[in-house]
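Peer 1: According to UniProt numbering, the residues represented by the sequence shown are 1 to 121, in order. The beta carbon of each residue, even a glycine, is placed where N, CA and C say it ideally should be. Please see the structure below; I have some questions.
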Amino acid sequence: MSSLSWSEVFAYHRTRKGIGKRSLLVDRGESGYRNVFLPDGRILYQGEGKRGNQEPIGGNLRLLLAQKKGTPLRVFLRERPGLWRDLGCYRVEGHRYVLLAEEGRWVYWFTLAPCGCGEGL
């Protein structure tokens, strides 16, 4: 897998937000979101919204609908500033809405499972 520039990722993703219409951006905490990379290749992806209770709107609604419909989403991993890796396609396998006691708010955790989707960018 070769590295991609932000302009290459943006040409596909089309937004600076983590949840786009057909893709997701993940990192290892640099954005303030705490994605968890599981040994089996799945990703626990924290929903959209850094303050207050997360709501089923915007990107969170997009992921809930992708789960319901089985729509795959391309995932891009930030390797370092300006450098990204295309991880391929993932399906939203499930979600939980849980209380983060240390922050006193409710957040979505989406489970993303690799599913493959043909060629990269």
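For H13, collect the residues of the same chain with a Cβ closer than 6 Å to its Cβ; drop the 5 residues on either side in sequence, then sort them by chain order.
Peer 2: What you label residue 13 is simply residue 13 of the sequence shown in a count that begins at 1. Excluding residues within five positions, the ones whose Cβ falls inside 6 Å are G20, S23.
Peer 1: With distances taken between CB atoms, is the gap from L112 to L61 smaller than 9 Å?
Peer 2: Translated into positions along the sequence shown, residue 112 becomes position 112. Translated into positions along the sequence shown, residue 61 becomes position 61. Against a cut-off of 9 Å, the Cβ pair of L61 and L112 comes out as no contact.
Peer 1: Could you tell me the alpha carbon to alpha carbon distance between G49 and G59, rounded to whole angstroms?
Peer 2: By one-based count along the sequence shown, residue 49 stands at place 49. By one-based count along the sequence shown, residue 59 stands at place 59. About 9 Å.
Peer 1: To test your reading of the DSSP string, which unbroken alpha helix (DSSP H) runs of 4 or more residues are found completely within the UniProt domain "ScoMcrA-like SRA" (30-94)?
Peer 2: Here the runs fully enclosed are 58-69.
Peer 1: Would DSSP call A113 helix, strand or coil?
Peer 2: Taking the sequence shown and counting its residues from 1, one reaches residue 113 at position 113. If DSSP states are grouped into helix, strand and coil, A113 belongs with the strands.
Peer 1: What are the boundary residues of the alpha helix (DSSP H) that includes S23?
Peer 2: In the sequence shown, the residue the question calls residue 23 occupies position 23. Note, S23: premise wrong, no alpha helix (DSSP H); beta strand (DSSP E) at 23-26.
Peer 1: What span of residues does the beta strand (DSSP E) with S3 cover, start to end?
Peer 2: Locating residue 3 in the sequence shown gives position 3, counting from the first residue. Segment 3-5, the beta strand (DSSP E) holding S3.
Peer 1: Can you give me the C-alpha to C-alpha distance between G94 and Q67, rounded to a whole angstrom?
Peer 2: Taking the sequence shown and counting its residues from 1, one reaches residue 94 at position 94. Taking the sequence shown and counting its residues from 1, one reaches residue 67 at position 67. So the two alpha carbons sit approximately 7 Å from each other.
Peer 1: Quick one: using the 10 Å Cβ neighbour count with 16 as the cut-off for buried, is L77 buried or exposed?
Peer 2: The sequence position of residue 77 within the sequence shown is 77, counting from 1. That one is buried.
Peer 1: Where Q46 and V36 are concerned, what is the direct C-alpha to C-alpha distance, given to the nearest angstrom?
Peer 2: Here residue 46 refers to the residue found at position 46 when the sequence shown is read from its first residue. Here residue 36 refers to the residue found at position 36 when the sequence shown is read from its first residue. One C-alpha to the other measures close to 9 Å.
Peer 1: Name the DSSP bridge partner or partners of V107?
Peer 2: Here the question's residue 107 lines up with position 107 in the sequence shown. DSSP output for V107 lists V98 as bridge partner(s).
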